[in-house]
Ligand SMILES: Cc1cc2nc3c(=O)[nH]c(=O)nc-3n(C[C@H](O)[C@H](O)[C@H](O)COP(=O)(O)OP(=O)(O)OC[C@H]3O[C@@H](n4cnc5c(N)ncnc54)[C@H](O)[C@@H]3O)c2cc1C
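Residue numbers (our numbering): 127 to 553.
Printed below as a string of structure tokens:
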């Protein structure tokens with residue numbers, strides 16, 4: 127329900143106050159006296175029972191953008207989250223995420239990212255503080271890498287802003303990074319970083335919807351009303367489960383081992399006082415494709431420090447009960463990498479960090495499909511470490527399916543293509 131739209135026939139607080147002011151003083155006094163003499167029995171408040179077009183379970187980046195698009199299309203929506211929007215356990219929590227468009231041969235994601243960027247920019251323009259930081263994204267690695275060449279081809283073909291060059295171009299441009307012989311790179315000039323948890327919260331404010339903090343069960347369907355029943359007795363025509371790493375636990379029979387939550391760590395190092403080389407505009411978002419697992423980082427945004435993470439799957443975890451403390455081995459690996467690539471930060475203190483999780487599908491592709499055999503229940507997830515940037519496009523696609531029941535499901539996002547093999551890494 128939109129926060130500023132009161133239910134029909136219920137006077138608003140403002141209308142009540144205006145009405146009271148219009149009463150003649152004597153009548154008001156008499157009414158007050160009568161009230162005093164004969165106290166009215168209070169009826170217990172009726173539970174909130176309402177019907178909506180769509181109930182969304184999960185106010186992470188996928189659920190929130192789905193709500194936003196549906197509300198813009200005139201649908202009535204309720205949005206539920208067990209812990210709140212962009213909460214500390216959610217995959218959409220924390221400070222920042224990368225948005226880039228070069229995706230190798232996976233141009234389906236390049237197109238989504240380009241579309242999503244417009245929505246993020248619009249949100250950022252009207253938010254209380256910026257959500258999108260146009261830092262640029264520098265992708266670098268060994269020459270001859272197919273992924274890099276395919277990304278460059280897409281950027282060129284689609285006239286998306288970029289620069290590229292060899293190791294001397296890289297080294298001249300970014301003296302604070304140590305490059306090695308034979309490396310090459312692309313700078314996506316239109317890309318950058320998104321503010322994560324606050325971005326989701328700003329989006330929900332922009333959608334003008336209230337989050338209901340409820341732990342939602344798997345779908346309940348009333349044969350009598352032919353509607354989905356919500357725990358408070360309300361009903362909905364459609365249900366969208368955008369429960370991120372919790373999807374498999376809600377639907378174990380369908381999704382166990384198909385959406386797998388893995389433990390991921392991020393580290394923030396503090397540059398020396400007054401050293402601006404590791405903050406925008408001097409340093410863009412960067413990703414180093416020359417290792418076993420991509421190392422990537424975000425320059426110091428909003429004073430959070432120089433962020434670094436490794437795009438390599440950690441052990442399987444439970445997002446409810448996982449202890450979120452950084453490991454000594456993880457910190458040591460990050461420090462060793464920083465010393466090699468960013469010598470100016472070799473002795474930088476660790477000033478923060480975060481443990482969160484990827485919700486990996488078997489092949490890294492998102493899941494946007496109907497629950498098997500149920501036309502009005504949607505499963506949306508499998509962000510697989512690269513879902514945040516594409517939240518707007520994912521939400522748009524889910525909304526389009528609900529608005530047009532004949533719209534075909536994209537095979538790559540279908541339930542049928544989700545297997546149980548080890549997931550590929552992308553971010
Ligand atoms: C370390 C790290 C770095 C990342 N980097 C990037 C990046 O640079 N770029 C990028 O694009 N992506 C990145 N990602 C991936 C991206 O953040 C995720 O793919 C995305 O946030 C997933 O969003 P979601 O809405 O599917 O899930 P979530 O954000 O987890 O939202 C699911 C919500 O559902 C709620 N919920 C679950 N079960 C229930 C229930 N039964 N009832 C009610 N509510 C429920 C939860 O409380 C939660 O808020 C990164 C992820 C991590 C962990």
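The beta-carbon is built from N, C-alpha and C at its ideal position, and this holds for glycine as well. Please read these numbers as outputs of a predicted model, since none were measured by experiment.
Pairwise C-alpha distance: residue 484 and residue 385: Going by the C-alpha atoms only, they are around 9 Å apart.
Residue 328 (DSSP reduced to helix, strand or coil): Note: residue 328 maps to helix in three-state DSSP.
beta-carbon residue 259 near ligand 1 non-hydrogen atom, thresh 6 Å: Not under cutoff, so the answer is no.
Separation of residue 315 from residue 405, as counted between CA atoms: Answer to the nearest angstrom: the Cα atoms are 16 Å apart.
Inter-residue Cα distance where the pair is residue 445 and residue 422: Approximately 23 Å between the Cα atoms of the pair.
Neighbourhood of residue 153 by C-beta, 7 Å cutoff - its chain only, sequence neighbours within 5 removed: Summary for residue 153: the model assigns pLDDT 44, below 50, so the residue's position carries little reliability, and this model does not support an answer.
Coarse secondary structure for residue 217, derived from DSSP in three states: Residue state, collapsed to three classes: coil.
Cβ-based neighbour list, residue 523, same chain, cut-off 7 Å, excluding 5 preceding and 5 following: Residues 494 of the same chain have their beta carbon placed closer than 7 Å to that of residue 523, with the five preceding and five following residues left out of the count.
Nonlocal neighbours in the same chain, by C-beta distance under 6 Å from residue 136, ignoring five residues either side: For residue 136, the predicted model reports a pLDDT of 39, less than 50, meaning its position is unreliable; a value from the coordinates is still stated below. So the list is empty, once near-sequence residues are dropped.
Residue 183 CB to nearest heavy atom of ligand 1 below 6 Å: Yes - ligand 1 has a heavy atom lying nearer than 6 Å to the Cβ of residue 183.
Whole-angstrom distance between residue 540 and residue 204, CA atom to CA atom: Approximately 25 Å, taken between the alpha carbons.
Spatially closest choice to residue 210 from 387, 340, 442, by CA coordinates: For residue 210, the nearest C-alpha among the options comes from 340.
Stretch pair the stretch 425-433 + the stretch 471-479: three plus CB contacts closer than 8 Å: Contact between the stretch 425-433 and the stretch 471-479 is present, because at least three Cβ pairs lie under 8 Å.
Residue interval of the alpha helix (DSSP H) (run including residue 191): For residue 191, the enclosing alpha helix (DSSP H) starts and ends at 187-198.
Pair within 7 Å by beta-carbon distance, residue 440 and residue 388: Yes; because the gap between Cβ atoms is below 7 Å, this pair is in contact.
Cut-off 8 Å between Cβ atoms - residues of its own chain near residue 486, not counting five sequence neighbours on either side: When the five nearest sequence neighbours on each side are left out, the beta carbons in the same chain lying within less than 8 Å of the beta carbon of residue 486 are those of 385, 386, 387, 388, 439, 508, 510, 511, 549, in order along the chain.
Pick from 238, 325, 279, 269 that is closest to residue 574, judged by C-alpha positions: Summary: the structure shown does not reach residue 574, with the chain confined to residues 127 through 553, and so no result is reported for it.
Paired residues, beta bridge with residue 487 - DSSP: Residue pairing by DSSP places residue 487 opposite 385 in a beta bridge.
Coil, strand or helix - residue 293 by DSSP: Helix.
Residue 244: CB within 6 Å of a non-hydrogen atom of ligand 1: False, no ligand heavy atom lies under 6 Å from that Cβ.
heavy atom of ligand 1 below 6 Å from residue 497 C-beta: Every heavy atom of ligand 1 is 6 Å or more from the Cβ of residue 497, so no.
Limits of the alpha helix (DSSP H) - the one that residue 362 falls within: First-last for residue 362: 361-367, but that is the beta strand (DSSP E), not the alpha helix (DSSP H).
Pair within 7 Å by beta-carbon distance, residue 366 and residue 234: A distance of 7 Å or more separates the beta carbons of residue 366 and residue 234.
Contact check, residue 176 vs residue 360, beta carbons under 7 Å: The answer is yes: Cβ separation under 7 Å.
Contact test: residue 186 Cβ vs ligand 1 heavy atom, cutoff 6 Å: Yes.
Any non-hydrogen atom of ligand 1 within 6 Å of residue 236 CB: Not one heavy atom of ligand 1 is found less than 6 Å from the C-beta of residue 236.
Where the beta strand (DSSP E) through residue 183 begins and ends: Counting along the chain, the beta strand (DSSP E) containing residue 183 begins and ends at 177-183.
CA nearest to the CA of residue 188, picked from 520, 320, 536, 526: In terms of CA proximity to residue 188, 520 leads the group 520, 320, 536, 526.
Ligand 1 heavy atom lying under 6 Å from the CB of residue 522: False, no ligand heavy atom lies under 6 Å from that Cβ.
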